[in-house]
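A.B. asks:
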Amino acid sequence: MSGTDVEKGTVETNGHQQTHRASSASRSRIANPSTLGLFSFASTTFVLSMYNATARGVHHPNVVVGMAIFCGGLAQLLAGMWEFVTGNTFGAAAFSSYGGFWMSYATILIPGSGIVAAYAGNASELSSALGIFLICWMLVTFFFFIVSLGKNIAFIALFGILTVTFACLAGGELGSSLATTRAGGILGLIVSFIAYYVGLSELLESEAHPPFRLPIGHLHAKND
């Protein structure tokens, strides 16, 4: 069997040419993981934002720990890994990053981690530490916002408002301002609904016969 035969994907046998199936043909088709990532992000953001907005008098966010670990964390991280396989660098980086964010935030709230306990008796130091933590994620989100400027209107709105959300939450911690934290919670709710919208749009787009479609304001043709 010559090198030419290998390149052409054929093998000469008893004078007959047998077509060698490409390995890609046997690979299973990978579904679009973006809806999983967006719904996971939106759901966890919605729950925590309701708490930050002190909905129904809730002031302790600990119930979000389970959501942050498994939904916003693990599910979103998996979506990010699958986005790497599809070749979507932006989606892979975003979902993996925010999956890591939710896991790290959940770890802070878990008593067994000892993180909050380390600041016992020094609430102002804990607030400052959380404020710096949130500023870091504000910066990461701003970087995603810059890239989103070349994608679509929905992503621009999502990452733009999310950047301001992190800024408000950081300001609430650093300035011990409940009103600023509540503002961050309200903005977070807006972000969650945008993420739900984009996720539903992606889900409908993946269907062969969707009942309707949701525009997200593409700035360029999809094949650009």
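Last residue of the sequence shown: 254 in our numbering, with the numbers rising by one and none dropped.
Think of the CB as a built atom: it goes at the ideal place given N, C-alpha and C, for glycine as much as any other residue.
Model, not experiment: these values are computed from the prediction.
(1) Quick one, which of M111, I246, S222, L68 has its alpha-carbon nearest N182's?
(2) Counting beta carbon pairs with one atom in the stretch 194-202 and one in the stretch 159-166, are three or more of them shorter than 8 Å?
(3) If you pair each beta-carbon of the stretch 171-185 with each one of the stretch 134-151, do three or more pairs fall below 8 Å?
(4) Can you name, in chain order, every residue of its own chain whose Cβ lies under 7 Å from the Cβ of L230, other than the five neighbours on each side?
(5) Between the stretch 101-115 and the stretch 60-74, do three or more beta carbon pairs fall short of 8 Å?
(6) So S222 packs on A61, CB below 8 Å; how close in whole Å?
(7) If you reduce the DSSP assignment to three classes, tell me which class N152 lands in.
(8) Hey, is the stretch 114-133 in contact with the stretch 93-103, meaning 3+ C-beta pairs nearer than 8 Å?
(9) Use the C-beta contact count for G215: other C-beta atoms within 10 angstroms, 16 or more gives buried, fewer gives exposed.
(10) By DSSP, does N82 sit in helix, in strand, or in coil?
(11) Between V194 and the rest of its own chain, which residues show a CB-CB distance below 7 Å, the 5 nearest in sequence each way excluded?
(12) What residue from L219, L192, T116, A72 has the CA that sits closest to M168's CA?
(13) Measuring straight from C-alpha to C-alpha, what distance separates F125 and I224?
C.D. replies: In terms of the structure at hand:
(1) In the sequence shown, the residue the question calls residue 182 occupies position 152. Of the listed residues, the one whose Cα sits closest to N182 is I246.
(2) yes
(3) no
(4) Numbered from 1 along the sequence shown, position 200 holds the residue referred to as residue 230. Once the five neighbours on either side are set aside, the close Cβ partners of L230 are L244.
(5) yes
(6) Taking the sequence shown and counting its residues from 1, the one referred to as residue 222 is at position 192. Taking the sequence shown and counting its residues from 1, the one referred to as residue 61 is at position 31. That belief does not hold up - the Cβ atoms of S222 and A61 are roughly 23 Å apart, past 8 Å.
(7) Against the sequence shown, residue 152 aligns to sequence position 122. Reduced to three states, the DSSP call for N152 is coil.
(8) yes
(9) Taking the first residue of the sequence shown as position 1, residue 215 is located at position 185. Label assigned to G215: buried.
(10) Start at 1 with the first residue of the sequence shown, and residue 82 comes out as number 52. Note: N82 maps to helix in three-state DSSP.
(11) Indexing the sequence shown from 1 puts residue 194 at position 164. Taken in chain order, the residues that qualify are L217.
(12) Within the sequence shown, the letter at position 138 stands for residue 168. Nearest option by C-alpha distance: L192.
(13) The residue given as residue 125 occupies position 95 in the sequence shown. The residue given as residue 224 occupies position 194 in the sequence shown. In a straight line, the C-alpha of F125 is about 15 Å away from that of I224.
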